[in-house]
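Novice: Below are the structure tokens for one structure; questions will follow.
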Amino acid sequence: MRIGALALQGDFREHLHVVRALGADGVEVRTADELETVDALIIPGGESTAIGRLATIYGLIEPLRDRIEAGMPVLGTCAGMIFLASGTLRYEQPQLGVLDVVVERNAFGRQVDSFEADLDVTGFADPVHAVFIRAPWIHKVGGDVDVLAAVEDPETGESRPVFVRQGRILATSFHPELTNDTRIHELLMEVD
Ligand code: GLN
1156 MRIGALALQG DFREHLHVVR ALGADGVEVR TADELETVDA LIIPGGESTA IGRLATIYGL
1216 IEPLRDRIEA GMPVLGTCAG MIFLASGTLR YEQPQLGVLD VVVERNAFGR QVDSFEADLD
1276 VTGFADPVHA VFIRAPWIHK VGGDVDVLAA VEDPETGESR PVFVRQGRIL ATSFHPELTN
1336 DTRIHELLME VD
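The sequence shown runs contiguously to residue 1347 in the working numbering.
This is the structure:
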């Protein structure tokens, strides 16, 4: 299986390291031609505005949308989740709009902005140790979106999704490529 990581900005190398360790052929994707060659794609964490601007400059917005809408499995982590989403609270920025969620960027506050937590995930036997770095959470989900994990909003007590699935689109607020737990990358490789 050939898995691409969108290599415009962010920690795509860490994702490629994980998928190669799982036996896949991991390749960097920067052009529409390279995108054509992959069976699945990872959109890494980083800075979603930078990823969106560079994807626009590289002419990748439409090719990405087309392939994802045609059913290519995709995993977006953190900034990657923001880029997949249909909207953000308060910010205007390029987004693919293929994942029917509205995200809140830097949702955990700017001071206490990075932390780790054990998350119960639907379908997983054991919790996932999740690393959050200036992470978004999901403010609003559309009807076709399954929430696989959520955290509690410390201010309001409301449940805020941090791992969702919509068909073959997977998105996490946290960084599965920064721990030794490969279950989320395996899910991307097995998604049907
Ligand atoms: N704060 C970044 C953003 O809003 C995301 C951070 C990350 O990907 N770790 O794009």
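Backbone N, C-alpha and C define an ideal beta-carbon position, used for all residues, glycine too.
Check whether the Cβ atoms of Q1250 and A1205 sit closer than 9 Å, and answer yes or no.
Specialist: Here residue 1250 refers to the residue found at position 95 of the sequence shown. Here residue 1205 refers to the residue found at position 50 of the sequence shown. No, they are not a contact pair.
Novice: If you follow the alpha helix (DSSP H) that L1274 is in, where does it begin and where does it stop?
Specialist: The residue given as residue 1274 occupies position 119 in the sequence shown. It is not in any alpha helix (DSSP H) - L1274 instead sits in the beta strand (DSSP E) that spans 1269–1274.
Novice: If distances are taken between C-alpha atoms only, which option among V1319, V1346, R1245, R1185 comes closest to D1255?
Specialist: Stepping through the sequence shown from its first residue, residue 1255 is reached at position 100. For D1255, the nearest C-alpha among the options comes from V1319.
Novice: Within a Cβ cutoff of 6 Å, which residues of the same chain sit near H1294, ignoring the five residues on either side of it in sequence?
Specialist: Looking up residue 1294 in the sequence shown gives position 139. Same-chain partners within the cutoff: L1244, V1257, E1259.
Novice: Within this structure, are the beta carbons of R1222 and E1191 separated by less than 9 Å?
Specialist: For the purposes of this step, residue 1222 is identified with residue 67 of the sequence shown, where counting begins at 1. For the purposes of this step, residue 1191 is identified with residue 36 of the sequence shown, where counting begins at 1. The beta carbons of R1222 and E1191 sit closer together than 9 Å.
Novice: Sorry if obvious, but does the Cβ on A1234 come closer than 8 Å to a heavy atom of ligand 1?
Specialist: By 1-based counting over the sequence shown, the position of residue 1234 is 79. It does: the Cβ of A1234 is within 8 Å (strictly closer) of some heavy atom of ligand 1.
Novice: Distance, Cα to Cα, I1288 vs F1263?
Specialist: Reading the sequence shown from its first residue, position 133 is the one you call residue 1288. Reading the sequence shown from its first residue, position 108 is the one you call residue 1263. For I1288 and F1263, the distance between alpha carbons rounds to 9 Å.
Novice: For the structure I just gave you, are there three or more beta carbon pairs, one from the segment 1212–1219 and one from the segment 1307–1315, closer than 8 Å?
Specialist: The answer is no - the segment 1307–1315 does not touch the segment 1212–1219, with fewer than three Cβ pairs under 8 Å.
Novice: Classify E1224: buried if its beta carbon has 16 or more other beta carbons within 10 angstroms, exposed otherwise.
Specialist: Position 69 of the sequence shown, counting from 1, holds the residue named residue 1224. Burial call: exposed.
Novice: Is T1211 near ligand 1, judged by its Cβ being under 8 Å from some heavy atom?
Specialist: Counting from 1 along the sequence shown, the entry for residue 1211 is found at position 56. No, since every heavy atom of ligand 1 falls outside the 8 Å radius drawn around the Cβ of T1211.
Novice: With a threshold of 8 Å, establish whether the CB of S1203 neighbours any heavy atom of ligand 1.
Specialist: For the purposes of this step, residue 1203 is identified with residue 48 of the sequence shown, where counting begins at 1. Within the cutoff, so yes.
Novice: Can the beta-carbon of I1197 be found closer than 9 Å to that of I1158?
Specialist: By 1-based counting over the sequence shown, the position of residue 1197 is 42. By 1-based counting over the sequence shown, the position of residue 1158 is 3. Cβ atoms of I1197 and I1158: closer than 9 Å.
Novice: Based on DSSP bridge pairs, tell me the residues matched to Q1321.
Specialist: On the sequence shown, residue 1321 is found 166 positions in, with the first residue counted as 1. Answer by DSSP bridge pairing, in chain order: I1324.
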